[in-house]
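Q:
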Amino acid sequence: MNFSEEFDLLLRACYPLIYIPTAEEERVEAAIAQSAKKLGNRAVYVWDFVEGYQDNPNNSNVGRRNPLQALEFLEKLPEKAPGIFILRDFHRFLEDISIARKLRNLSRRLKAQPKNIIILAPEISIPPDLAEVLTVVDFALPTATEIKTEIQRLLCATGKPLSDQLLDEFARSAQGLTLERLRRVLTKGIAARGGQLEPEDVELVLEEKRQSIRQTQILDFYPATEQITDIGGLDNLKDWLLRRGGAFSDRARAYGLPHPRGLLLVGIQGTGKSLTAKAIAHHWHLPLLRLDVGRLFAGLVGESESRTRQMTNLAEALAPCVLWIDEIDKAFAGMNGKSDSGTTSRVFGTFINWLAEKKSPVFVVATANNIQALPPEMLRKGRFDEIFFVGLPSQEERQAIFTVHLSRLRPHSVKDYDLDRLAYETPDFSGAEIEQTLIEAMHIGFSQNRDFTTDDILEAASQIIPLARAAQEQIQFLQDWAAAGKARLASRHNRLGDRIQRQLQ
Ligand SMILES: Nc1ncnc2c1ncn2[C@@H]1O[C@H](COP(=O)(O)OP(=O)(O)OP(=O)(O)O)[C@@H](O)[C@H]1O
Ligand SMILES: [Mg+2]
Numbered sequence: 010m011n012f013s014e015e016f017d018l019l020l021r022a023c024y025p026l027i028y029i030p031t032a033e034e035e036r037v038e039a040a041i042a043q044s045a046k047k048l049g050n051r052a053v054y055v056w057d058f059v060e061g062y063q064d065n066p067n068n069s070n071v072g073r074r075n076p077l078q079a080l081e082f083l084e085k086l087p088e089k090a091p092g093i094f095i096l097r098d099f100h101r102f103l104e105d106i107s108i109a110r111k112l113r114n115l116s117r118r119l120k121a122q123p124k125n126i127i128i129l130a131p132e133i134s135i136p137p138d139l140a141e142v143l144t145v146v147d148f149a150l151p152t153a154t155e156i157k158t159e160i161q162r163l164l165c166a167t168g169k170p171l172s173d174q175l176l177d178e179f180a181r182s183a184q185g186l187t188l189e190r191l192r193r194v195l196t197k198g199i200a201a202r203g204g205q206l207e208p209e210d211v212e213l214v215l216e217e218k219r220q221s222i223r224q225t226q227i228l229d230f231y232p233a234t235e236q237i238t239d240i241g242g243l244d245n246l247k248d249w250l251l252r253r254g255g256a257f258s259d260r261a262r263a264y265g266l267p268h269p270r271g272l273l274l275v276g277i278q279g280t281g282k283s284l285t286a287k288a289i290a291h292h293w294h295l296p297l298l299r300l301d302v303g304r305l306f307a308g309l310v311g312e313s314e315s316r317t318r319q320m321t322n323l324a325e326a327l328a329p330c331v332l333w334i335d336e337i338d339k340a341f342a343g344m345n346g347k348s349d350s351g352t353t354s355r356v357f358g359t360f361i362n363w364l365a366e367k368k369s370p371v372f373v374v375a376t377a378n379n380i381q382a383l384p385p386e387m388l389r390k391g392r393f394d395e396i397f398f399v400g401l402p403s404q405e406e407r408q409a410i411f412t413v414h415l416s417r418l419r420p421h422s423v424k425d426y427d428l429d430r431l432a433y434e435t436p437d438f439s440g441a442e443i444e445q446t447l448i449e450a451m452h453i454g455f456s457q458n459r460d461f462t463t464d465d466i467l468e469a470a471s472q473i474i475p476l477a478r479a480a481q482e483q484i485q486f487l488q489d490w491a492a493a494g495k496a497r498l499a500s501r502h503n504r505l506g507d508r509i510q511r512q513l514q
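Count the sequence shown with our numbering and you get residues 10 to 514, in order.
Written out as structure tokens, the structure reads:
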């Protein structure tokens, strides 16, 4: 259901108190005015703290600097008189006892009257005693069509319209921006070019979008240059991805394929989970958005939920995209804990619902080290397409990882290194430790004014104690968990480290 459908329904079903969190006051008020028209020209009243009720000859300035009076005004109107009452920034007054009480009284009374109160606020901030009576409705960012209309409207004045292709390109790059910001950046662009837009101005729009995403402080654009071929091993996982190569294309839609939904990658540190997330975005040529889960929980109670919705709204507006949630286990670890006032579970609820119900092409890649910290709902079918267990690389895979990194570091002399031996001599090493070993070997070579050799790498490796040795229990646990059919193996050959294998032989 889109905003106007949901909103119309709430109005008709006499929901007395509606709360809309949005930064786009103007746009939402226009949308409300349209709904009011559809409902047989229902009167719309707009109140704000400085001016009181506006544009209303009979009651101008009623409730000026007086939010309680703004509510009392409703009761003075005839019971049968229909009306929509928009209260701007009213979230600021909800903590006040008389306002809260008045709202709860009104919520009962208005159920039988054709009146709705709409609270507009830039964020969700609802005291617990009002949580039951307020219905929160999300107002999505502008659609491609709305964006196109706005661009055309702006260019209309100068009389130099864009070609359809260029208009499409501008609209695509602007998706995720509010109309207000779009207007601001385009007006600047148009003025700078003496009344028109050039193809290069798409970059202006993209930069504005990057900034607005950064300002959320929750999401960040992440450049993804890594490719699937940069991943050594993990063949099952790579096959899965390669089979879905064109999955976000129009051709796939025409074929009737649903969008891939997401992956959960579980495994120990340094085994290539983050690397895979980046390679996925590159593989599909989609923008990669990294979610900082820690930030979701920073700040006041109630704000976290608001931020979660803001994040999912933004991701949907930017779709198709890859949403990368690194270390998701850390976010929800505090759930049900004593110190948590239920915020974590509410955020988790909001998030998991979105995950299960999302229709838009947002591919979620979540990574986790500790599955014990993950709520079971997360692991249920339907949240992700697949859960992969990423274990320690086998000997064969280590050889592949050495090859990937040496090909990058020494593209012309990979064949000079004894890859068989390197892979054999590094049991229990993770991909990250292999990379670290190579850097160490380079230091050895560099300090002696020569290139680094196989022996230098082995020397460096002998000085590293792989994390896996200290974390055997954790690895064994994960391995058993995966073996019990809870996850698919990312590698074709997965075992508990070769050293332990060898000991068993
Ligand atoms: N399978 C692999 N192939 C090639 N390089 C790898 C592989 N695994 C790890 N690496 C190297 O190690 C680095 C760190 O790996 P990455 O950040 O992907 O690990 P991770 O699984 O996300 O670990 P953590 O759980 O600590 O976040 C990568 O940037 C890459 O250079
Ligand atoms: Mg990582």
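Cβ coordinates follow ideal geometry from the N, Cα and C atoms, glycine included.
Computed from a predicted model, the values in this text were never measured in an experiment.
If you draw a straight line from the C-alpha of Ile41 to the C-alpha of Ser13, how long is it?
A: Answer to the nearest angstrom: the Cα atoms are 8 Å apart.
Q: Quick check on DSSP: helix, strand or coil for Gly271?
A: Gly271: strand per DSSP, three-state reduction.
Q: Enumerate in chain order the residues of its own chain whose CB-to-CB distance from Gln408 is below 6 Å, with the five nearest sequence positions on each side excluded.
A: Taken in chain order, the residues that qualify are Leu428, Ala432.
Q: Please list the segments of the alpha helix (DSSP H) lying wholly inside the region 440 to 466, counting only runs of 4 or more residues, in order along the chain.
A: The region 440 to 466 contains these whole alpha helix (DSSP H) runs: 440 to 456.
Q: Which residue spans inside the region 320 to 347 form an unbroken alpha helix (DSSP H) run of at least 4?
A: Counting whole runs of 4 or more residues, the region 320 to 347 contains the alpha helix (DSSP H) stretches 337 to 340.
Q: Can you give me the start and stop residues for the alpha helix (DSSP H) that Val356 sits inside?
A: Run containing Val356: 352 to 366, per the alpha helix (DSSP H) assignment.
Q: Go ahead and label His292 buried or exposed: buried means 16 or more other beta carbons lie within 10 angstroms of its beta carbon, across all protein chains shown.
A: Answer is buried; the Cβ neighbour count reaches 16.
Q: Restricting to Cα atoms, I'd like to know which of Arg118, Ala183, Leu272, Thr462 is closest to Leu388.
A: It is Leu272.
Q: Between which two residues does the alpha helix (DSSP H) carrying Lys89 extend?
A: Element bounds for Lys89: n/a, residue is neither H nor E.
Q: Below 8 Å between beta carbons: does that hold for Leu129 and Pro25?
A: Cβ atoms of Leu129 and Pro25: not closer than 8 Å.
Q: Tell me whether Gly254 sits in a helix, a strand or coil according to DSSP, three-state version.
A: Residue state, collapsed to three classes: coil.
Q: With 16 other CB atoms within 10 Å as the buried threshold, where does Pro296 fall?
A: Buried, because 16 or more other Cβ atoms sit within 10 Å of the Cβ of Pro296.
Q: Can you tell me which of Leu164, Phe357, Asp335, Arg101 puts its alpha carbon nearest to the alpha carbon of Gly204?
A: Minimum Cα distance to Gly204 is reached at Leu164.
Q: Starting from Tyr54, trace the alpha helix (DSSP H) in both directions and tell me its first and last residue.
A: Where Tyr54 is concerned, there is no enclosing alpha helix (DSSP H), although the beta strand (DSSP E) it sits in stretches over 52 to 57.
Q: Using C-beta distances below 7 Å, list every residue in its chain close to Ile135, excluding the 5 sequence neighbours before and after it, in chain order.
A: Counting only Cβ-Cβ distances below 7 Å, and skipping sequence neighbours, we find Tyr28, Leu103, Leu143, Gly311.
Q: Can you give me the start and stop residues for the alpha helix (DSSP H) that Asp301 sits inside?
A: Segment: none, Asp301 is in no alpha helix (DSSP H) and carries neither H nor E.
Q: Classify Asp98 as helix, strand or coil using the three-state DSSP reduction.
A: Asp98 falls in the coil class under three-state DSSP.
Q: Is it buried or exposed for Leu251, if we count other Cβ within 10 angstroms and need 16 for buried?
A: Answer is exposed; the Cβ neighbour count stays below 16.
Q: What do you get for Ser182, buried or exposed, if any count of 16 or more other CB atoms within 10 angstroms of its CB means buried?
A: Ser182 is buried by the Cβ-count criterion.
Q: Got a list of residues with beta-carbon closer than 6 Å to any non-hydrogen atom of ligand 2, in chain order?
A: Cβ-based neighbours of ligand 2 within the cut-off: Lys282, Ser283, Asp335, Thr376.
Q: Where does Lys111 sit, in a helix, a strand or coil, going by DSSP?
A: The answer is helix: DSSP assigns Lys111 an H, G or I state.
Q: Relative to the C-alpha of Tyr231, which residue among Arg419, Val371, Leu332, Ser456 is closest?
A: The shortest C-alpha separation from Tyr231 is found at Leu332.
Q: In the DSSP assignment, the beta strand (DSSP E) including Val373 goes from what residue to what residue?
A: Val373 -> beta strand (DSSP E) spans 371 to 377.
Q: Closer than 7 Å by C-beta to Arg501: which residues in its own chain qualify, once you throw out the five before and the five after it? Chain order, please.
A: Asp244, Asn245, listed in sequence order.
Q: DSSP on Phe398, reduced to helix/strand/coil?
A: Note: Phe398 maps to strand in three-state DSSP.
Q: Beta carbon of Leu115, beta carbon of Leu150: below 8 Å?
A: Result no, Cβ atoms of Leu115 and Leu150 do not sit closer than 8 Å.
Q: So Gly279 packs on Ser403, CB below 8 Å; how close in whole Å?
A: That pair is no contact at about 15 Å.
Q: Verify the contact flag: Val413, CB atom, against every heavy atom of ligand 1, threshold strictly below 7 Å.
A: Flag set: Cβ of Val413 near ligand 1.
Q: Tell me the rounded alpha-carbon separation between Leu415 and Arg299.
A: Each residue's Cα considered, the two are about 28 Å apart.
Q: Can you tell me where the beta strand (DSSP E) with Ile160 in it begins and where it stops?
A: That residue, Ile160, is in no beta strand (DSSP E); its alpha helix (DSSP H) goes 153 to 165.
Q: Does the region 196 to 211 come close enough to the region 369 to 385 that 3 or more CB-CB pairs lie under 8 Å?
A: No, because fewer than three Cβ pairs between the region 369 to 385 and the region 196 to 211 fall closer than 8 Å, the two stretches do not touch.
Q: Between Thr187, Lys169, Gln174, which lies nearest to Ala200 when the distance is taken from Cα to Cα?
A: Nearest C-alpha to Ala200: Lys169.
Q: Would you kindly work out how many angstroms separate the C-alpha atoms of Gln457 and Lys390, rounded to a whole number?
A: Whole-angstrom Cα-Cα distance: 55 Å.
Q: Count the CB pairs spanning the region 451 to 465 and the region 349 to 363 that are closer than 8 Å, and state whether there are at least three.
A: Not touching, per the Cβ criterion.
Q: Short check: CB of Val214 to CB of Phe257, under 8 Å?
A: For Val214 and Phe257, no; Cβs fall outside 8 Å.
Q: Using the Cα positions of Ser157 and Leu175, report the straight-line distance between them to the nearest angstrom.
A: Note on identity: in this sequence residue 157 is Lys, with Ser being the wrong assignment. Approximately 11 Å, taken between the alpha carbons.
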